[in-house]
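Below is one structure, written out as structure tokens, with a few remarks after it.
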Amino acid sequence: MTERSSALSSQAVLFRNASLVDGSSPQPRTGVHVLVEGDRIAQVSDAPIEAPQDARVIDLEGRTLMPGLIDCHVHVIATTADLGANALLPDALVAARATPIMKGMLMRGFTTVRDVGGADRGIQQAVAEGLFVGPRLVICGKALSQTGGHNDYRGFYDERDDQYQTRRLGSMGRICDGVESVRRAVRQEIKAGAQFIKVMANGGVSSPSDPIDFLSFSVDELRTIVEEASNAQTYVSAHLYTDEAIRRAVEAGVRSLEHCNLIEADTARLAAERGAMACPTLVTYERLKIEGADYGLKPESVAKIDDVRLAGLESLVTMREAGLEMAYGTDLLGEMHPHQSEEFVIRSQVLPPHEVIRSATSTAAKLLRMEGEIGCVAPGAWADLIVVDGNPLEDMSLLTGQGQHLSLIMQGGRAVKDRLNR
Numbered sequence: 001m002t003e004r005s006s007a008l009s010s011q012a013v014l015f016r017n018a019s020l021v022d023g024s025s026p027q028p029r030t031g032v033h034v035l036v037e038g039d040r041i042a043q044v045s046d047a048p049i050e051a052p053q054d055a056r057v058i059d060l061e062g063r064t065l066m067p068g069l070i071d072c073h074v075h076v077i078a079t080t081a082d083l084g085a086n087a088l089l090p091d092a093l094v095a096a097r098a099t100p101i102m103k104g105m106l107m108r109g110f111t112t113v114r115d116v117g118g119a120d121r122g123i124q125q126a127v128a129e130g131l132f133v134g135p136r137l138v139i140c141g142k143a144l145s146q147t148g149g150h151n152d153y154r155g156f157y158d159e160r161d162d163q164y165q166t167r168r169l170g171s172m173g174r175i176c177d178g179v180e181s182v183r184r185a186v187r188q189e190i191k192a193g194a195q196f197i198k199v200m201a202n203g204g205v206s207s208p209s210d211p212i213d214f215l216s217f218s219v220d221e222l223r224t225i226v227e228e229a230s231n232a233q234t235y236v237s238a239h240l241y242t243d244e245a246i247r248r249a250v251e252a253g254v255r256s257l258e259h260c261n262l263i264e265a266d267t268a269r270l271a272a273e274r275g276a277m278a279c280p281t282l283v284t285y286e287r288l289k290i291e292g293a294d295y296g297l298k299p300e301s302v303a304k305i306d307d308v309r310l311a312g313l314e315s316l317v318t319m320r321e322a323g324l325e326m327a328y329g330t331d332l333l334g335e336m337h338p339h340q341s342e343e344f345v346i347r348s349q350v351l352p353p354h355e356v357i358r359s360a361t362s363t364a365a366k367l368l369r370m371e372g373e374i375g376c377v378a379p380g381a382w383a384d385l386i387v388v389d390g391n392p393l394e395d396m397s398l399l400t401g402q403g404q405h406l407s408l409i410m411q412g413g414r415a416v417k418d419r420l421n422r
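Residue numbers for the sequence shown follow UniProt numbering, so the first one is 1 and each next one is one higher.
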């Protein structure tokens, strides 16, 4: 059958005989029945559920039912790997180019994503209103960077005013220096609709003037950012690579630790004790190494990739042994976005499959502070569901291939992809 979009929110849907995989167990939970009414899951039972009148009944014998996937580290406005050039594009063009990026994510089964720099409330609202097809967006607005830090793309000889980025949709971040400046920046992002705050607390690959081991922001600045976010009843996410940068961020109160490729065991244990969570993004370094130069990444950035790429898998083992929870993230740019689902396969080289899946379901929901709403198949949760042709616990590649193994993708009770026979 051809793919089709169908509004199911007005029609109850009963899934019967499903093998449920949500990351909670190494084996599927078999013989599960799930009733969807409106945009929520109404019932989940190991015993048959009586179908409401006029409900669509779908027998999933031989297929796997999963919660909609969650990617906790994306940049939907990153339409090219050259992020400095991206920041100079007209806002309308950035928005137009972001639409196929977001649709691709949804069609790979990602029903919710956390944008960690760039997307604004306008993009978020356009998705919520159905004007753009894409995952549910959780946003931070502009990421905070110091002068010369990760997100300052002006280069060595560029003397443009540092605030030009703040006002451009294509920019992932904004520049702020000093305690009062970062305090004001946090308040402005919260006012503009940020649901959490992102800070660039270490050097990065894509920016020109900050080596990987560059420590960004003073400890006082980091603590101020955390204080202001806490006052607004939210948390701080930080771009981090080196062990030293990760430790100082944890000690300052940062909750979400992005990347973490060079983390060491003692720091990982400290982060776990403080209630922080990690969000590794290994697939982006694999793709940047292979394709980055072809897609506009500058030579000085390509030269920095292996500084973090080669330590990636080892960092997963270090964090797992330390008890530091890890959410699913990808951090892909421009033409590399289609590789989003390959993170599952990369992680499964060193982690049990169900733990990798859990990183994109319940652990991701916990990081987003949306436990019980997304990342689970439970009564009262959003009816974000995917149906997989086969068992991803046995073959993680079933979650790759641009959704070709997904016969149904449901978001908020609405099927955005449906290849199941009626």
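Just so you know, even glycine gets a beta-carbon here, dropped at the ideal spot from N, CA and C. Note that this is a predicted model, so its numbers are computed, not measured.
* Asked: When we look at the beta-carbon of Lys-191 and count the other beta-carbons within 10 Å, is it buried (16 or more) or exposed?
  -> exposed
* To do: Look at the Cβ atom of Arg-168, then the Cβ atom of Leu-89, and state whether they are nearer than 9 angstroms.
  => yes
* Taking just the CA atoms, how far does Val-133 sit from Thr-99? -> 7 angstroms
* Asked: By a C-beta neighbour count over all protein chains shown, 10 Å radius and 16 as the cutoff for buried, is Val-317 buried or exposed?
  -> exposed
* Asked: Where do the ends of the beta strand (DSSP E) carrying Lys-417 lie?
  -> 414-418
* **Length of the line joining the Cα atoms of Ala-85 and Lys-304** => 19 angstroms
* To do: Report the three-state DSSP secondary structure of Gly-173 (helix, strand or coil).
  => strand
* To do: Out of Ala-311, Leu-20, Lys-142 and Arg-269, state which residue places its alpha-carbon closest to the alpha-carbon of Val-242.
  => Correcting the residue type first, residue 242 is Thr in the shown sequence and not Val. Residue Ala-311 is the option with its Cα nearest to Thr-242.
* Beta-ladder partner(s) of Ile-225, from DSSP -> In the DSSP output, where bridge partners are listed per residue, Ile-225 has none listed.
* **Cβ-based burial, Val-219 [other Cβ within 10 Å; buried from 16]** => exposed
* When the Cα atoms are used, what is the spatial distance from Leu-20 to Tyr-153? -> C-alpha separation (whole angstroms): 45 angstroms.
* Asked: Exposed or buried, Ile-290, counting other C-beta atoms within 10 Å across all chains shown (16 or more means buried)?
  -> exposed
* Ile-77 versus Gly-334, Asp-177 and Ile-212, residue with shortest Cα-Cα distance -> Gly-334
* Asked: Counting pairs of beta carbons, one from the segment 383-391 and one from the segment 55-70, are three or more of them closer than 8 angstroms?
  -> Look at the beta carbons and you see the segment 383-391 touching the segment 55-70: at least three pairs across the two are nearer than 8 angstroms.
* Within 10 angstroms of its Cβ, does Glu-394 collect 16 or more other Cβ (buried), or is it exposed? -> exposed
* Counting Cβ pairs closer than 8 angstroms, one from the segment 327-342 and one from the segment 268-285, do we hit at least three? -> yes
* Rounded to the nearest angstrom, how far is the Cβ of Ala-87 from that of Ser-171, given a contact under 8 angstroms? -> 4 angstroms
* Any idea which residues DSSP pairs Asp-115 with across the strands? -> In the DSSP assignment, Asp-115 forms a beta bridge with Val-74 and Ile-139.
* Classify Thr-2 as buried or exposed, calling it buried when 16 or more other Cβ atoms lie within 10 Å of its own Cβ. => No answer about Thr-2 holds up, because its pLDDT of 35 lies below 50 and its placement is not dependable.
* To do: With DSSP collapsed to three states, give me the class of Phe-196.
  => coil
* When burial is assigned at 16 or more other CB atoms within 10 Å of the CB, is Arg-287 buried or exposed? -> buried
* Asked: Measuring CA to CA, which of Lys-142, Asp-158 and Leu-131 is closest to Arg-184?
  -> Lys-142
* When the Cα atoms are used, what is the spatial distance from Glu-37 to Val-377? -> Rounded to the nearest angstrom, the two C-alpha atoms are 13 angstroms apart.
* Asked: Buried or exposed: where does Tyr-157 fall if 16 or more other Cβ atoms within 10 Å of its Cβ makes it buried?
  -> exposed
* Check whether the segment 65-74 touches the segment 364-375, counting contact only when three or more Cβ pairs, one atom from each stretch, lie closer than 8 angstroms. => yes
* Hey, how far is the Cα of Glu-371 from the Cα of Leu-222? -> 27 angstroms
* Arg-63, DSSP secondary structure in three states -> coil
* Asked: Grouping DSSP H, G and I as helix and E and B as strand, with all else coil, what is Asn-86?
  -> helix
* Buried or exposed by the 16-neighbour rule on C-beta atoms within 10 Å, applied to Ser-216 -> buried
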